[in-house]
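Engineer: Chains A and B, in that order, give the protein sequences. Numbers given in the numbering used here equal positions in the first sequence, counted from 1, plus 8. Numbers given in the numbering used here equal positions in the second sequence, counted from 1, plus 8. For glycine and all other residues, C-beta sits at the position ideal for the given N, C-alpha and C. Okay, handing you the structure first.
2 protein chains.
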Amino acid sequence: MPKIDLASIARTETTTYPAPFDQAVAGRHYRQLGPAIGLTDFGVSEVTLDPGAWSSQRHWHEGEDEFAVMLEGEAILVEDEGRTTLHAGDMVAWAKGVRNGHHLINETDRPCRFVVLGGTSSTGGEYSDIDMKFTGEGPYLHKDGTPY
Amino acid sequence: MPKIDLASIARTETTTYPAPFDQAVAGRHYRQLGPAIGLTDFGVSEVTLDPGAWSSQRHWHEGEDEFAVMLEGEAILVEDEGRTTLHAGDMVAWAKGVRNGHHLINETDRPCRFVVLGGTSSTGGEYSDIDMKFTGEGPYLHKDGTPY
């Protein structure tokens with residue numbers, strides 16, 4: 009059935025961030041829906057952020073569009089220009105190649121939840137606030153190109 | 009700003025369906041968000057269905073994944089197997105090439121609203137309940153290949 013049974017899809021807290029950058033996403037739970045539902049044109053994840061958790065380190069993608077829609081709770085979108093509060097129904101889009109890092113953070117005392125979609129051609133990008141960047145494959149790198 | 013200002017994006021009721029198939033979508037309002045927000049990896053539309061309106065004629069895509077998330081109200085998903093009621097937060101996915109037509113219809117007395125995402129490689133498909141099919145370009149066709 010095309011209606012997605014979220015409870016049947018494994019939820020994970022995994023991150024590949026090196027310490028100490030993994031700490032901020034320790035309260036991030038996500039389900040990668042694409043493989044379970046047979047979609048290959050784009051990736052889809054359902055993400056829940058516990059109080060205090062971040063969606064990711066603040067980053068931008070060189071070669072991958074992203075789109076998110078808030079489902080419940082409240083999140084703060086942080087970008088170069090500052091902070092924007094998001095509520096259920098709010099949508100955000102990040103076009104590839106725009107070097108303005110973004111992430112969502114939960115500063116409330118209850119979980120928030122959103123769906124995020126991305127393209128399938130990740131060609132790297134950078135983290136705005138820390139000395140780290142990523143490529144389409146391989147380990148995280150310092151901005152001078154040395155691996156973590 | 010990546011937070012999408014929906015009110016700034018033109019809403020349309022346009023359909024290219026030939027009569028009488030256009031009648032069922034007369035109460036469908038949509039905004040194509042992709043061009044306004046700079047996304048090219050996938051298409052995104054916000055769709056509102058007035059009471060009685062359909063999202064489309066029931067159809068499937070040969071070469072385009074689709075994903076939708078309900079934002080408000082209630083819609084009925086209709087497929088070969090029957091009907092499924094969708095509420096805010098429910099997600100549905102239709103993998104390309106699966107010849108099981110789908111559409112959402114609003115049988116309530118208030119509008120419902122959802123976001124739908126699709127791939128960028130439409131290679132055609134068919135309508136399940138009427139004598140019509142579509143290709144990646146060009147006019148709608150009868151199932152014997154003659155154009156409308």
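For W62(A) versus R36(A), is the C-beta spacing smaller than 8 Å?
Structural biologist: yes
Engineer: Would you mind working out which of S64(B), D73(B), D13(B) sits nearest T128(A), comparing C-alpha positions?
Structural biologist: D73(B)
Engineer: Return the chain-ordered ranges of every alpha helix (DSSP H) run that is complete within the segment 67-104 of chain A and spans a minimum of 4 residues.
Structural biologist: Within the segment 67-104 of chain A, no run of alpha helix (DSSP H) at least 4 residues long lies entirely inside it.
Engineer: Assign E87(A) to buried or exposed, taking buried as 16 or more other Cβ atoms, counted over all protein chains shown, within 10 Å of its Cβ.
Structural biologist: buried
Engineer: Output the boundary residues of the alpha helix (DSSP H) element that contains G42(A).
Structural biologist: 41-45
Engineer: Could you tell me which chain B residues have their CB closer than 9 Å to the CB of K151(A), listed as they occur along the chain?
Structural biologist: Per Cβ cutoff of 9 Å: no residues; K151(A) is ~23 Å from chain B at best.
Engineer: Looking at chain B, which residues of the segment 55-78 of chain A have a Cβ within less than 8 Å of any of its Cβ atoms?
Structural biologist: E72, D73, F75, V77
Engineer: How about A101(B): is its C-beta nearer than 8 Å to some C-beta of chain A?
Structural biologist: yes
Engineer: Taking the C-alpha atoms as reference points, what is the distance between A27(A) and W102(A)?
Structural biologist: 26 Å
Engineer: Starting from E134(A), trace the beta strand (DSSP E) in both directions and tell me its first and last residue.
Structural biologist: 133-135
Engineer: Do you know offhand how far I12(A)'s Cα is from V106(B)'s?
Structural biologist: 16 Å
Engineer: Please name the residue in G133(B), L57(B), Q31(B) whose C-alpha comes closest to that of D117(B).
Structural biologist: Measuring from the Cα of D117(B), the nearest candidate turns out to be L57(B).
Engineer: Report the CB separation of L79(B) from R121(B) in whole angstroms; it is logged as a contact under 8 Å.
Structural biologist: 5 Å
Engineer: Excluding the five sequence neighbours on either side, which residues of its own chain have a C-beta within less than 6 Å of the C-beta of G109(A), listed in chain order?
Structural biologist: Around G109(A): R66, H67, W68, S136.
Engineer: List the whole-angstrom C-beta distance separating Y38(A) from V55(A), where the pair is believed to meet the contact cut-off of C-beta under 8 Å.
Structural biologist: 5 Å
Engineer: Listed from N- to C-terminal order along the chain, which residues in the segment 105-122 of chain A have their beta-carbon within a distance smaller than 7 Å of any beta-carbon of chain B?
Structural biologist: H110
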